[in-house]
Structure formats: structure tokens, C-alpha cells
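The listed protein sequences correspond, in order, to chains A and B.
Numbering (the working numbering) for the first sequence: 10 to 429.
Numbering (the working numbering) for the second sequence: 9 to 291.
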Amino acid sequence: MSTMMDKELENSATEVPDNRLSTAIGEYFAKVRGGDVGALPAVLGLLVLAAVFSSVRSETFPTAFNFGNLLNQGAGVIVIAMGLVFVLLLGEIDLSAGYTAGVCAAVLGIFVTNHGAPWYVGVLACLACGAFIGLLIGLLVARLGIPSFVVTLAFFLALQGVQLQLIGEGGQIALVDNTLLAVMNSNMPVGAGWALYVLVVIVYGVLTFRRMTKRRADGLHAERTSVWAFKMVAIVVLLGIVTYILSIERSVNPAVTSIRGVPIVVPVLLVLLVVTSVTLNRTSFGRHVYAVGGNAEAARRSGINVANIRLFCFVICSTLAAVAGIILMSRDNGVTPSTGGGQTLLYAVGAAVIGGTSLFGGKGRPIDAIIGGLVVAIIANGMALLNQPAGVVYFVTGLVLLVAASVDALSRRRAAASGR
Amino acid sequence: MTMTTPAPPAGPTSSDQPLLSLRGVTKSFGAVEVLREVDLDVRLGRVTALVGDNGAGKSTLIKGLAGIHSFDGGEYLFEGQKVHVTGPKQANAMGIEVVYQDLALCDNLDIVENMFLGREITSATFINDAEMERRANETLAGLSVRTVKSIRQKVASLSGGQRQTVAIARAVLWNSRLVILDEPTAALGVAQTEQVLKLVRRLADKGLAVILISHNMNDVLEVADDIAVLYLGRMAAQIDAKSVTHGQIVELITTGRLSSTPPPAAVALDETVESETSGEAQS
């Protein structure tokens with residue numbers, strides 16, 4: 010046994026990396042069988058759902074118009090889910106994120122619409138409001154030690170009240186600022202969309218390739234060239250298809266208005282994805298977030314200020330919820346007492362969990378929020394196209410969330426059994 | 009009876025200055041006196057086993073050394089200087105690292121990430137993963153650790169012995185002078201225990217001071233150079249491991265003294281008798 014291990018160690022130090030894709034695929038399946046499923050269930054779900062809805066509603070679902078809609082419908086939930094990933098990584102929950110989005114949107118509306126402030130002042134106030142709410146929640150959870158479930162349930166109710174007071178019963182604050190409205194109602198010029206596509210592909214390709222070759226030169230563990238190439242092809246093809254579809258004219262009556270190009274919200278989501286991913290993967294703070302979620306006691310003994318990590322994660326979550334508030338407000342052209350309410354939060358939790366973020370803490374990535382958010386959006390969108398009553402939509406969404414949580418729990422058990 | 013008062017360790021090693029010395033250290037929790045006038049000397053390049061029955065004060069003693077509690081009275085000397093250790097960070101800065109019994113590792117992180125947890129190497133605010141992996145590799149190689157397949161595997165997939173190895177490697181990563189191991193072999197099988205004990209020996213051979221807490225007398229006799237026996241909060245004896253038998257250690261642990269106190273030269277003569285009686289007592 011030990012000689013075998015010795016040999017393997019020697020191999021890993023001196024071998025020319027086994028570059029065959031088949032080896033990599035074999036290892037990937039071994040990983041999945043071991044319980045480390047990652048985003049695989051969500052990606053499969055995405056494909057199955059898209060196939061089912063496309064065959065059942067072939068005239069309305071697989072159209073460029075509906076595809077553009079899908080992104081817009083999912084954006085708010087996706088951003089809330091990105092924030093929730095930080096909190097879920099700790100094994101905590103934020104039930105109030107939906108109404109945090111609503112309250113922050115109301116604050117934005119009061120600044121910009123009611124008092125005529127410039128849009129950037131409103132956005133700053135909105136983000137500050139989110140950070141403040143997160144700070145309150147974080148202090149109560151991290152310093153006072155109240156379970157986050159209870160604290161955020163209280164905030165869920167209280168913020169609902171605050172939102173109602175800010176907006177007025179049955180009222181609404183309309184959004185009139187063109188810059189903010191553009192986020193969800195305008196598209197990039199087709200050329201700019203393709204330029205963005207090329208930029209993303211090149212930057213991602215160059216960065217990952219340089220990292221791989223440098224690590225290999227230093228004799229460290231590096232990705233296989235074949236895996237890197239496979240990922241690159243997948244990204245080039247997938248993003249290419251997406252950009253192509255979004256560049257098709259999708260207006261019902263192109264003579265009146267033309268709708269084509271990548272929606273502005275896409276680069277917004279992209280920036281958020283990059284910032285949150287870099288924070289979690291490339292900074293000490295991010296590393297400590299995973300550590301606290303994996304074993305808080307070990308983190309404490311390693312000299313990590315666990316309370317501060319908790320506090321910051323709640324602040325980040327609520328601040329991202331504020332960003333989602335802007336997106337929701339832009340989509341609805343205003344804010345009502347129900348903005349961010351209803352099933353928004355559960356969709357967001359569902360999105361994160363479906364994407365592969367664990368409810369038990371310690372496992373999850375911001376990209377999970379996007380993949381899971383698309384699954385949730387497809388369900389909502391497809392069910393609406395099937396003309397299903399709201400009751401059925403709720404029921405199916407609940408069922409999908411349950412399935413996702415089961416996959417999470419089962420893969421955890423599997424992982425514990427196989428020691429991954 | 010003469011062994012009941014803490015005796016300074018005899019032998020050739022006593023001439024060089026100890027890395028760490030405690031003199032008359034006391035610690036109470038409320039009315040309970042946990043440590044009473046404890047003396048201890050720990051030397052570089054030697055494994056000092058700290059033994060004693062449950063409740064003898066071993067944990068309190070190491071927590072005091074590591075700065076988790078502070079001692080109520082007595083002197084704490086490090087490299088001959090009197091120090092007042094107020095927290096774990098200060099102990100770390102002095103070069104003291106503790107490997108706890110319930111390993112403080114995160115299952116969801118890999119070996120490198122665990123070894124540098126809380127002390128990541130960063131360049132321009134971003135984590136320098138390559139540098140950390142290189143240094144982790146060096147440290148593991150320096151300890152002749154060859155049992156882990158990949159340094160990038162998650163700690164959850166490691167065996168008990170491998171986890172202990174990672175925890176120990178992590179403790180020596182930081183130019184530490186003194187590594188305190190709290191029952192490192194308690195949960196391990198025979199082969200893995202052997203592996204970890206060899207690692208403990210290597211630490212001392214590399215010139216570090218090691219304090220090993222253990223209930224297993226075989227382990228203690230296998231690797232320890234000095235044995236310090238705590239009995240009800242007192243240091244019953246700190247003796248050279250070569251001068252005592254298994255039975256004598258057990259007697260010190262259970263009664264706090266040796267019934268017959270053989271002069272050092274007589275130890276060899278008594279040994280057969282002692283080990284026979286102890287053999288009976290054990291079976």
C-alpha cells in the first residue's frame with residue numbers, strides 16, 4: 010500500500026502530465042460517484058427542462074424573444090442568490106434578503122423619483138441601506154449569537170413593514186430615471202455584444218492558460234491541457250450560441266421597435282460574478298469563509314476572527330440584495346410593497362441550492378447562483394407558457410427545491426462514505 | 009518519598025539551557041487548585057512526554073504554555089527570559105504550536121489550504137497559492153512524509169494518521185521551536201501510530217522541542233527522552249526516560265511516588281522485578 014503511494018507521489022512530481030481527455034473524464038466520473046456532483050444536477054436539469062418545454066411549447070418557448078425574457082426574469086433572483094451563497098457557505102441563512110431588496114429599492118425610489126437626486130446618489134443610498142441592514146443582521150447573529158434563522162425571520166417581517174411604510178399602502182414609487190431603467194429594458198448594440206463575447210473568451214482563456222503553464226513550470230499541480238481545451242471549447246460554443254440568439258431580432262413587430270443585442274443586465278451579472286468569485290477564491294477572506302463553514306472551531310483556533318467573517322458575509326449578502334433591488338425595480342419600472350416579496354426569496358435560496366451550494370455550509374460558488382437561477386427562471390417561464398395556474402407553479406417550484414436539497418443531502422452522505 | 013518534590017532532571021542534558029522552564033507554576037479555577045507549584049524543563053532536540061492520570065492537570069498545563077489560560081503564579085521562562093504569555097497569538101509568535109487532540113482541520117479544504125489556514129501568504133491582497141503549495145511541499149518533504157497521494161486533496165479524504173501528519177506539518181511550518189502534541193495517537197491504528205511516532209521523533213531530531221501528551225506508556229517509552237509525570241496537579245517527577253521502567257511510570261502516575269526509590273545505578277537491578285509486577289498489574 011505504502012509503496013504504491015510512494016510511487017504515486019514520485020509520479021506526480023516527475024511525470025509528464027497524462028494529457029488524455031479520457032483520463033480526465035474518468036477522474037471526473039469518479040469524483041461525481043464519490044458525491045462531489047458540483048453543478049452537474051443543475052446543468053442536467055437545465056437541459057431536461059429546456060428540452061421538455063421546447064417540445065411541449067415549440068412555438069413560444071424556444072424563441073429568441075423568450076430567451077431574452079428568461080434572462081430578465083432570472084436576473085433579480087440570481088443576484089440575491091449570489092449574496093445568499095456567502096451566507097449559505099457559513100451554514101447560515103438569510104430569509105430577509107427578498108425584502109431587503111424591496112426596502113433598498115424603495116430608498117432608491119425616494120431619493121431619485123421623490124427628491125430628484127441623480128441616479129448614482131440613489132444607487133449609493135440604496136447600497137448603503139443594504140449594507141446597513143446586513144450589518145444589523147450580522148451583529149445580532151455574530152455578536153449576540155441569535156440563530157440566523159430567527160434573526161432573519163424577524164427581519165423578513167419587519168422589513169416588509171418598513172417597505173410598506175416607505176411606499177405607502179397600495180402605492181408605488183415609479184422609476185423615471187432612464188439610466189436605471191436601461192439596466193433591464195435596453196440591450197447593448199449587437200457589435201458591442203460580440204465584442205464583450207470576444208473579450209470574455211480571450212481574458213478567460215489567457216488567464217487560465219497562463220496559470221496552468223506557470224504552475225506546471227513550477228512543478229505544482231496543474232490542470233490538464235486537454236481539460237483546459239475542453240473547457241475553452243465549451244465556453245466558446247456556449248457563450249457564442251447565447252450571444253448569437255441574443256443578437257437575433259426578437260421584437261414581435263420590428264418595424265415599430267427593434268429588440269436585439271445582449272441585455273445590459275448581462276454585463277452587470279458578469280461583473281458581479283467575477284467580483285464575488287475572486288473574493289471567495291483568491292483572497293484570505295474568501296478562504297476563511299470556507300473554513301468557518303467547514304469547521305468553525307478549527308477556524309477559531311487558526312486565529313480567524315469567526316464573528317467578523319460572519320458579520321461581513323451578512324453585509325455582503327444584504328448589499329447584493331440591494332443590487333437585486335435595483336434590478337427588480339428597473340424591470341418593474343418602479344417599486345411596490347410586493348417588490349422582493351412573494352416567492353422571490355425562496356426562488357433565490359432554491360437557485361443557490363439547485364446550483365450546488367450546500368445548505369450545510371462549506372461548499373458553494375457564485376456561479377451556482379447563476380446556473381440555479383436559470384433553472385428556476387426556466388421553470389417559472391415554462392410553466393407560465395403552459396398556462397398553468399399559479400398554484401401548480403408554486404407546487405412544482407417547491408418540488409424542485411426539495412429535489413435539490415435532497416441531492417445536496419445525498420451527495421453529502423455519499424461524500425462522507427467515500428471520504429471526499 | 010524523595011521523588012514527591014519536583015526534582016531537576018539529572019543527566020548530561022541538564023547542563024545546556026532549557027528552551028522553556030516553569031518554576032513553581034500555580035493555577036486555580038475558583039476553589040479548585042489544578043496546578044500546584046509545578047516545575048518543568050523542555051529542551052530543544054528532545055521529546056518530553058507529559059503523562060498523568062485524568063484530571064492530573066495536563067490540559068491546564070499545556071493551555072497555560074500555549075497562552076489559552078494564564079498561570080496564576082510562578083515563573084514562565086522561555087529561552088532563559090521571563091515571559092508573560094497573554095494569548096495564543098503571542099505563544100505562536102514565540103514559536104510555540106499546539107496540535108490538539110480533536111484535530112483543528114477543515115474537512116472541506118485541501119492539505120495546503122489547511123496548513124496555511126489563518127496565515128495565508130498573499131501578494132497584493134490576493135492569495136499566493138503557488139508559493140503556499142511549494143512551501144507545504146518542502147515542509148512535508150522535510151518531515152519525510154510520503155503517505156499523502158496529492159497535496160491538493162481534501163482533508164476529508166485522509167486517514168486518521170494522515171490527518172495527524174497534516175496537523176503536525178502545519179505546526180512546524182512556522183519556524184516553531186516547541187511543538188505540543190495532545191494525544192496524537194489516541195485514535196490511530198497500530199501502523200498509523202508507528203508512522204506518527206516516527207514523525208514525532210523526526211521533529212526532535214530536527215532540533216525542535218516536543219512535548220508529547222499520551223496515555224500510552226509504550227508510545228512514551230518508544231519516543232520520549234524525558235518523562236514528566238503530573239499527579240494531582242503536582243509534578244511528581246521529571247526523569248530521563250532511559251532510567252525508568254514501564255512499571256515505575258505507572259506507579260508514578262497512579263500514586264505520585266515510587267515505593268522504593270532506587271539510586272540511578274540500581275535501576276537496572278530493579279528493572280526485572282518492576283516489569284514483572286507491572287506485567288501482572290496490567291493483565
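From the three backbone atoms N, C-alpha and C, an ideal C-beta is built for every residue, glycine too.
Per the DSSP calculation, residue i is bridged to which residue(s)?
{"i": "residue 172 of chain B", "result": "Answer is none; residue 172 of chain B lacks a bridge partner."}
{"i": "residue 239 of chain B", "result": "B:242"}
{"i": "residue 247 of chain B", "result": "B:235"}
{"i": "residue 219 of chain B", "result": "B:56 and B:188"}
{"i": "residue 37 of chain B", "result": "B:40"}
{"i": "residue 29 of chain B", "result": "B:49 and B:85"}
{"i": "residue 128 of chain B", "result": "In the DSSP output, where bridge partners are listed per residue, residue 128 of chain B has none listed."}
{"i": "residue 106 of chain B", "result": "B:188"}
{"i": "residue 183 of chain A", "result": "A:343"}
{"i": "residue 272 of chain A", "result": "A:196"}
{"i": "residue 90 of chain B", "result": "B:85"}
{"i": "residue 162 of chain B", "result": "B:118"}
Quick one: which chain B residues come within Cβ less than 8 Å of residue i?
{"i": "residue 303 of chain A", "result": "114, 115, 116 and 117"}
Residue i versus chain A: which residues are under 7 Å apart at the beta carbon?
{"i": "residue 191 of chain B", "result": "The contacting residues do not exist; residue 191 of chain B stays about 16 Å from chain A at best."}
{"i": "residue 160 of chain B", "result": "230"}
{"i": "residue 121 of chain B", "result": "296"}
{"i": "residue 130 of chain B", "result": "293"}
Quick one: which chain B residues come within Cβ less than 7 Å of residue i?
{"i": "residue 32 of chain A", "result": "Per Cβ cutoff of 7 Å: no residues; residue 32 of chain A is ~15 Å from chain B at best."}
{"i": "residue 291 of chain A", "result": "134 and 135"}
{"i": "residue 363 of chain A", "result": "Here the premise fails: no neighbours, minimum Cβ distance about 20 Å."}
Output needed for residue i: all residues of its chain with C-beta closer than 6 Å, excluding positions within five of it in sequence on either side, in chain order.
{"i": "residue 84 of chain A", "result": "274 and 336"}
{"i": "residue 65 of chain B", "result": "42, 43, 238 and 241"}
{"i": "residue 192 of chain A", "result": "273, 274 and 339"}
{"i": "residue 81 of chain B", "result": "34"}
{"i": "residue 386 of chain A", "result": "79, 82 and 83"}
{"i": "residue 93 of chain B", "result": "75 and 99"}
{"i": "residue 105 of chain B", "result": "179, 184 and 187"}
{"i": "residue 62 of chain A", "result": "70 and 391"}
Does the beta-carbon of residue i have 16 or more other beta-carbons within 10 angstroms, so that it is buried, or is it exposed?
{"i": "residue 9 of chain B", "result": "Any reading at residue 9 of chain B must be qualified, since the residue scores a pLDDT of 39, below 50, and its modelled position is unreliable; the value itself is stated next. So residue 9 of chain B ends up on the exposed side."}
{"i": "residue 417 of chain A", "result": "buried"}
{"i": "residue 166 of chain A", "result": "exposed"}
{"i": "residue 38 of chain B", "result": "exposed"}
{"i": "residue 304 of chain A", "result": "buried"}
{"i": "residue 116 of chain A", "result": "buried"}
{"i": "residue 87 of chain A", "result": "buried"}
{"i": "residue 110 of chain B", "result": "exposed"}
{"i": "residue 178 of chain A", "result": "exposed"}
{"i": "residue 230 of chain A", "result": "buried"}
{"i": "residue 258 of chain A", "result": "exposed"}
{"i": "residue 151 of chain A", "result": "buried"}
{"i": "residue 101 of chain A", "result": "buried"}
Excluding the 5 residues preceding and the 5 following residue i in the sequence, name in chain order all residues of the same chain whose CB lies nearer than 7 Å to its CB.
{"i": "residue 185 of chain A", "result": "122"}
{"i": "residue 318 of chain A", "result": "297, 298 and 301"}
{"i": "residue 108 of chain B", "result": "190"}
{"i": "residue 129 of chain B", "result": "136, 139 and 140"}
{"i": "residue 358 of chain A", "result": "93"}
{"i": "residue 49 of chain A", "result": "41"}
{"i": "residue 19 of chain A", "result": "For residue 19 of chain A, the pLDDT reaches just 40, beneath the cut-off of 50, and the residue's location in the model is therefore unreliable, although a value from the coordinates is still provided. Excluding sequence neighbours, residue 19 of chain A sits near nothing in its chain."}
{"i": "residue 239 of chain A", "result": "30"}
{"i": "residue 176 of chain A", "result": "115, 182, 344, 345 and 346"}
For residue i, I'd like the list of residues in its chain whose CB is within less than 8 Å of its CB, leaving aside the five on either flank, ordered along the chain.
{"i": "residue 123 of chain B", "result": "140, 144, 147, 174, 177, 178 and 181"}
{"i": "residue 352 of chain A", "result": "403 and 406"}
{"i": "residue 256 of chain A", "result": "199, 202, 203, 269, 270 and 271"}
{"i": "residue 55 of chain A", "result": "380, 383, 384 and 387"}
{"i": "residue 132 of chain A", "result": "117, 189 and 335"}
Taking C-beta pairs closer than 9 Å, name the residues in chain A that residue i reaches, listed in chain order.
{"i": "residue 316 of chain B", "result": "Residue 316 of chain B cannot be examined here, being either before or after the span of chain B that is shown, 9 to 291."}
In chain A, what lies closer than 8 Å to residue i by C-beta?
{"i": "residue 32 of chain B", "result": "The premise fails here: residue 32 of chain B is roughly 29 Å from chain A at the closest Cβ pair, so nothing lies under 8 Å."}
{"i": "residue 151 of chain B", "result": "Correct list: empty, because the minimum Cβ distance to chain A is about 13 Å."}
{"i": "residue 138 of chain B", "result": "223, 224, 227 and 229"}
{"i": "residue 108 of chain B", "result": "310"}
Q. Between the segment 223-235 of chain A and chain B, which residues of the former have a C-beta closer than 9 Å to a C-beta of the latter?
A. Here the close residues are 223, 224, 227, 228, 229 and 230.
Q) Between the segment 90-124 of chain A and chain B, which residues of the former have CB atoms less than 9 Å from a CB of the latter, in chain order? A) none
Q | Contacting positions in the segment 87-100 of chain B - beta carbon closer than 8 Å to chain A | A | 96, 97 and 100
Q: Can you give me, in chain order, the residues of the segment 362-390 of chain A that have a beta carbon less than 7 Å from any beta carbon in chain B?
A: 371 and 372
Q: Quick one: which residues of the segment 300-331 of chain A get their C-beta closer than 8 Å to a C-beta of chain B? List them in chain order.
A: 300, 302, 303, 304, 306, 307, 308, 310, 311, 312 and 313
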